[in-house]
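Right, one structure below, let's go through it.
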Ligand code: ZN
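Numbering (my numbering), first residue to last: 1407 to 1558.
Next comes the structure, spelled out in structure tokens:
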């Protein structure tokens, strides 16, 4: 028995998240909400974050679309709980440069490296990126809200 090639492992991982999405569904009391669409493929992602003291306490997503867009969102939510906003932003930046600029995956990305494997085609990059763009929008909102608290 030989080991399955990485490409197959990655495909499995994506399908697993697609079939059993983690953190699916809206949060009972989100502090920020963001959404986005990828019209090229018909993908749609909604993201809820519960942010407290600059840390993401809870996260939920829902949406529809292809397996890459939905599993990318599922994988994203798995990495956010308990993370400071800055770390979430840094993670989104690393995923973006991996997908958009073709930067070699950072070791800290772990399973997220799978997205690089399936996003070789430019059309697919948009699918994989959608959730991360929605996250960046949510983080912008969270930061703006925190600023207001400090000054208001
Ligand atoms: Zn798609």
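Glycine included, C-beta positions come from ideal geometry on N, C-alpha and C.
DSSP three-state assignment for residue i, whether helix, strand or coil
i: residue 1461; result: strand
i: residue 1516; result: helix
i: residue 1539; result: helix
i: residue 1502; result: helix
i: residue 1419; result: helix
i: residue 1489; result: coil
i: residue 1441; result: strand
i: residue 1507; result: coil
i: residue 1559; result: Lying before the first or after the last residue shown, residue 1559 is absent from the chain, which here runs from 1407 to 1558.
i: residue 1523; result: helix
Exposure of residue i, with buried meaning 16 or more beta-carbon neighbours within 10 Å
i: residue 1426; result: exposed
i: residue 1459; result: exposed
i: residue 1532; result: buried
i: residue 1476; result: buried
i: residue 1469; result: buried
i: residue 1418; result: exposed
i: residue 1442; result: buried
i: residue 1465; result: buried
i: residue 1551; result: exposed
i: residue 1509; result: exposed
i: residue 1413; result: exposed
i: residue 1514; result: exposed
Closer than 8 Å: residue i CB and nearest the ligand ZN heavy atom
i: residue 1516; result: no
i: residue 1499; result: no
i: residue 1532; result: yes
i: residue 1539; result: no
Q) Is the region 1455 to 1475 touching the region 1430 to 1445 in the sense that three or more CB pairs, one from each, lie closer than 8 Å? A) yes
Q. If we count Cβ pairs, one from each stretch, closer than 8 Å, do we get three or more for the region 1549 to 1556 versus the region 1498 to 1506?
A. no
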